[in-house]
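Going from the sequence shown to the numbering used here is simple: count from 1 and add 2.
Following: one structure in structure tokens, then a few remarks.
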Amino acid sequence: MLNLLSSSKSSSKSSKSSASSYYAPASSGAAGEMYSPIHQFVAASCKNILICGCGGGFDVYSGLPLYFDFKAMGKNVYLANLAFTDVSRMDKKTENIELPSYKGKNTLFAVNAESDNHDLEYFPEKYLCEYLKKEHIEENPIVYTFSRETGVVGITEGYEIIIKRHDIDMMIIVDGGNDVMMRGNETGLGSPQEDSMSVVGAYGISTSVLPMERRIVTCIGFGVDHYHGVNSCLFFENTSEIITKFDNGFLGVCSVVREWNCFKQFKKSCQYTFNIMKKAPSIVSSCIIAAIEGQYGNYHPPEIKSRTSGSTLYINPMMSMYWFYSLNSIANQLLYKKFIETSKSMEDLNRGLRTYRNNLKTMRKPSPFPH
Numbered sequence: 003m004l005n006l007l008s009s010s011k012s013s014s015k016s017s018k019s020s021a022s023s024y025y026a027p028a029s030s031g032a033a034g035e036m037y038s039p040i041h042q043f044v045a046a047s048c049k050n051i052l053i054c055g056c057g058g059g060f061d062v063y064s065g066l067p068l069y070f071d072f073k074a075m076g077k078n079v080y081l082a083n084l085a086f087t088d089v090s091r092m093d094k095k096t097e098n099i100e101l102p103s104y105k106g107k108n109t110l111f112a113v114n115a116e117s118d119n120h121d122l123e124y125f126p127e128k129y130l131c132e133y134l135k136k137e138h139i140e141e142n143p144i145v146y147t148f149s150r151e152t153g154v155v156g157i158t159e160g161y162e163i164i165i166k167r168h169d170i171d172m173m174i175i176v177d178g179g180n181d182v183m184m185r186g187n188e189t190g191l192g193s194p195q196e197d198s199m200s201v202v203g204a205y206g207i208s209t210s211v212l213p214m215e216r217r218i219v220t221c222i223g224f225g226v227d228h229y230h231g232v233n234s235c236l237f238f239e240n241t242s243e244i245i246t247k248f249d250n251g252f253l254g255v256c257s258v259v260r261e262w263n264c265f266k267q268f269k270k271s272c273q274y275t276f277n278i279m280k281k282a283p284s285i286v287s288s289c290i291i292a293a294i295e296g297q298y299g300n301y302h303p304p305e306i307k308s309r310t311s312g313s314t315l316y317i318n319p320m321m322s323m324y325w326f327y328s329l330n331s332i333a334n335q336l337l338y339k340k341f342i343e344t345s346k347s348m349e350d351l352n353r354g355l356r357t358y359r360n361n362l363k364t365m366r367k368p369s370p371f372p373h
């Protein structure tokens, strides 16, 4: 029996014991390689899946193992991302999707293999489309690409359009790294602006467009955000708090394995783009690939050595794992959600985050890791 996700837990023990997972494994005959309650649910109950890069740039690539696995199941899989590239000068042939609150502005594009934003040194969305087309994985691949300056309101409006266009029945927001799990009162937040924009924007989607229980957040690349000041103990603490406060908030963990086709395709996709964007290969994607292939410790993949020189990396087996959560739990543990939920630009969002942080009397420090 499928139960909808609760917004928060009841204090009664009887309520907790009776709660069963919406994503309980079901027999499905799936042809994918991964196994998790999410994969079982998708195999049995979903047809059209939207995979969204959470923090922009290469985050959509962090969702590619899922993309290739769901494709192997025979699902229709669509891609979206928050751009780090400048989309304001996009060519006229690339579809410009006008959003209700952004009349006449360049906020969302259906990027394809032929798109040109006049800044081809950094355009990972285009090069992903090129790869998918060259490999005959998609005939006309598209990555729906949001301007980084959009704000929460634009993310909500854009995703509602995409969901309606493709009759999406499952949305998975993917963060490369785990700073999406920071609540806002931690000493180090990583790069919270883009992550929170995506999370709160997706949370604002009308339930008549997509039910809340069909919106998932996942992160892969555990520990890579240490490079940006995120403490992994706080990731563990925040996951434990989600388990405590939200029924079906934490939805399990699933590894990507070196021998699997979904990993091989993910690696080939990244290498294709790295070879074109030689000045800006992804540190996160490179570290994830290295971890899946068994590298450990302060290992610097060759393609990113020039970018990580002088820093200490910690490549580890947990980087290969997807951690799954309900979007409901991630959005509602975000302590500054109300400060940014009406933002219509990155400037608005930064102002809201700054207001919240400036009013904090103390920052939450991590507990020591005992081992």
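Cβ coordinates follow ideal geometry from the N, Cα and C atoms, glycine included.
All of these numbers come straight from a predicted model, not from anything done at the bench.
Please report the Cβ distance between I164 and L236, rounded to the nearest whole angstrom; I am assuming they are in contact, meaning their Cβ atoms lie under 8 angstroms. With 8 angstroms as the limit, I164 and L236 do not qualify as a contact, their Cβ atoms being about 32 angstroms apart.
Could you check where the beta strand (DSSP E) with I170 kicks off and where it finishes? Premise fails: I170 is in no beta strand (DSSP E) and is neither H nor E.
Tell me the residue span of the alpha helix (DSSP H) that contains R359. It spans M348 to N360 - the alpha helix (DSSP H) in which R359 sits, taken as one unbroken run.
Proximity below 9 angstroms, CB of G206 to CB of T158: Against a cut-off of 9 angstroms, the Cβ pair of T158 and G206 comes out as a contact.
I want to know whether the stretch 92-106 touches the stretch 287-298 - three or more CB-CB distances under 8 angstroms. no
Leaving aside the five residues before and after V62 along the sequence, list all residues of the same chain whose C-beta is less than 8 angstroms from its C-beta, in chain order. The residues are I53, C54, G55, L81, A82, N83, P126, E127, L130, V145 and V176.
Locate the alpha helix (DSSP H) running through G254, then write down its first and last residues. Segment F252 to S257 is the beta strand (DSSP E) holding G254; no alpha helix (DSSP H) there.
When every heavy atom of the ligand FAD is checked, does at least one fall within less than 8 angstroms of the C-beta of D171? Here there are no bound small molecules, and the ligand FAD is not part of this structure.
With the cut-off set at 9 angstroms, would you say G179 and G251 are in Cβ contact? no
Whole-angstrom C-beta distance between R167 and F86, which should lie under 8 angstroms: In fact, because the Cβ distance is near 24 angstroms, the residues do not count as touching under 8 angstroms.
Using DSSP with H/G/I as helix, E/B as strand and the rest coil, what is E116? coil
Mark S17 as exposed unless 16 or more other C-beta atoms lie within 10 angstroms of its C-beta, in which case mark it buried. Low confidence applies to S17: its pLDDT is 38, below 50, so where it sits in the model is not reliable, and the reading given next is rough at best. Classification for S17: exposed.
Please classify P319 as buried or exposed, where buried requires at least 16 other C-beta atoms within 10 Å of its C-beta. exposed
Please state whether the Cβ-Cβ distance between I244 and S331 is less than 9 angstroms. Pairing I244 with S331 gives a Cβ-Cβ distance under 9 angstroms.
Among T357, Y327 and S369, which residue has its Cα nearest to the Cα of P39? The candidate whose alpha carbon is nearest that of P39 is Y327.
Just mark G31 as buried or exposed, buried being the case when its beta carbon has 16 or more other beta carbons within 10 Å. The pLDDT assigned to G31 is 48, lower than 50, so where the model puts this residue is not dependable; a value taken from the coordinates is nonetheless given after this. It is exposed - the Cβ of G31 has fewer than 16 other Cβ atoms within 10 Å.
Rounded straight-line distance, which links the Cα of P304 to that of Y104: 42 angstroms
If you reduce the DSSP assignment to three classes, tell me which class G296 lands in. coil
Between M199, H228 and S308, which lies nearest to G160 when the distance is taken from Cα to Cα? M199
Alpha helix (DSSP H) segments (min. 4 residues) lying fully within the stretch 169-235: 194-205
Candidates V113, F43, V202 and E140, of which the one nearest K73 by Cα: E140
Sequence-distant residues of its chain with Cβ nearer than 6 angstroms to V258 (five each side left out): P67, F265, I294 and S322
For S378 and S345, I'd like the C-alpha separation in whole angstroms. The displayed coordinates of the chain run from 3 to 373. Any statement about residue 378 would go beyond what the structure contains.
Can the beta-carbon of S284 be found closer than 9 angstroms to that of Y133? no
Comparing C-alpha positions only, which one of G312, T275 and R260 sits nearest to Q297? R260
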